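A quick write-up on the structure given underneath.
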Amino acid sequence: MLSEFSIIETYFARSALLPPDISLAQGDDCALVLPPADQQLCLSIDTQVAGRHFLETAPASAIATRALGSALSDLAAMGAKPSHFTLALTLPGADEKWLAEFSKSLSDFASKHGVVLIGGDTTRGPLTITIQVHGWVELDKALKRSGAKVGDLLVVSGSLGDAAGGLSLIKASKYYSEYLEDRFYRPQPRLALGQQLIGRATSCIDVSDGLVADAAHLSRTSGLDIAIELSAVPISSELLGRFPDQAQAFALAGGDDYELLFSIDTKSFEALQSESDMPLTVIGHFGKPQEKDKPRVMLTENDCEVRLPREKGYLHFG
């Protein structure tokens, strides 16, 4: 039977050329990191639990990309350049086939996004993956959730609702859409876009809990109302084709899309559009609160306010 140390040595202690900011990776009690000059460390930790964040029957390769992709998305939302990550892996048993598939997928996905594994821990228990990601951002330049100004545009990258549609298909096990299922299991962190937003966006967040819920974070921390035009919310043709009656609800409250939602002035947005390969959609704007000290998110249709969806986003303890 594989021991904790043989699991680490066999599947996770891969020899790789370390970036200049990493002095020492796996093999000692701690990794050693040398911060680049005039940079701030940006770090975030994310936990994925079987049966809560992914199906227990999910392929190991998909679990790996979902865990790392969603964690890296937090770096994207801050405009950080990813550097390295640590992994805490809780396993019900030492399944060598599962470990080989998981570690290969994790390594390939990490390499694609320019981030290296520098340490972690393994233990026995219910399948749980915890990843802490670290990146660098220029001193005092990190994007934050606060800072939007009256008149700023509300912009979102990509399309929304796809991951919720993918999860619905996965649970039903009746229909198949590689695109939608990949959007759930293989989220693509918008790292390049996040770095392009530095000095342009006035606030930013990644869409993990749902458009309405995450827009509410921007509204509250910036102290401004947000009006979202329903007809402007980008929805993919694949989602509309599979879920014509649910697509809009998925887009508003489904979550797990890991697109970037940000505020930006018109001139800066025009400059951004000219250099970004990412589809960007203006879906609303920021304004003064109609009620003092009670900023809120409103949905509009043809400039008329409509009722918010009953489900406003994902809550771990809701």
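Sequential numbering from 126 applies to the sequence shown in the numbering used here.
Every residue gets a Cβ at the ideal spot worked out from N, C-alpha and C, and that includes glycine.
None of these values were measured; they are calculated from a predicted model.
Out of the options, which one is the CA nearest neighbour of residue i?
i	options	result
residue 384	316, 363, 190 and 307	316
residue 357	377, 216 and 268	377
residue 168	289, 189, 208 and 188	208
residue 387	145, 274, 181 and 255	274
residue 206	289, 318, 296 and 215	318
residue 163	215, 266 and 330	266
residue 213	251, 417, 181 and 431	251
Do the CB positions of residue i and residue j come within less than 8 Å of each other?
i	j	result
residue 346	residue 393	no
residue 370	residue 285	no
residue 422	residue 340	yes
residue 433	residue 355	no
residue 321	residue 244	no
residue 231	residue 407	no
residue 301	residue 190	no
residue 248	residue 174	no
residue 414	residue 334	no
residue 373	residue 262	no
residue 368	residue 290	yes
residue 147	residue 210	no
residue 202	residue 268	yes
In the DSSP assignment, what residue or residues form a beta bridge with residue i?
i	result
residue 164	263
residue 152	According to DSSP, which records beta bridges pairwise, residue 152 is partnered with nothing at all.
residue 257	170 and 211
Which whole-angstrom value describes the C-beta separation of residue i and residue j, a residue pair presumed to lie in contact below a C-beta threshold of 8 Å?
i	j	result
residue 194	residue 323	With 8 Å as the limit, residue 194 and residue 323 do not qualify as a contact, their Cβ atoms being about 21 Å apart.
residue 171	residue 196	4 Å
residue 409	residue 352	5 Å
residue 283	residue 145	About 32 Å separates the two Cβ atoms, so there is no contact after all.
Sequence ranges, beta strand (DSSP E) only - wholly within the segment 169-220, length at least 3:
206-216
Sequence ranges, alpha helix (DSSP H) only - wholly within the segment 277-304, length at least 4
287-297
Identify every run of the beta strand (DSSP E) within the segment 377-433, keeping only runs that are complete inside it and at least 3 residues long; order them along the chain.
385-389, 405-412, 422-426 and 429-431
May I have a chain-ordered list of the beta strand (DSSP E) segments no shorter than 3 residues that lie completely inside the segment 333-366?
350-354
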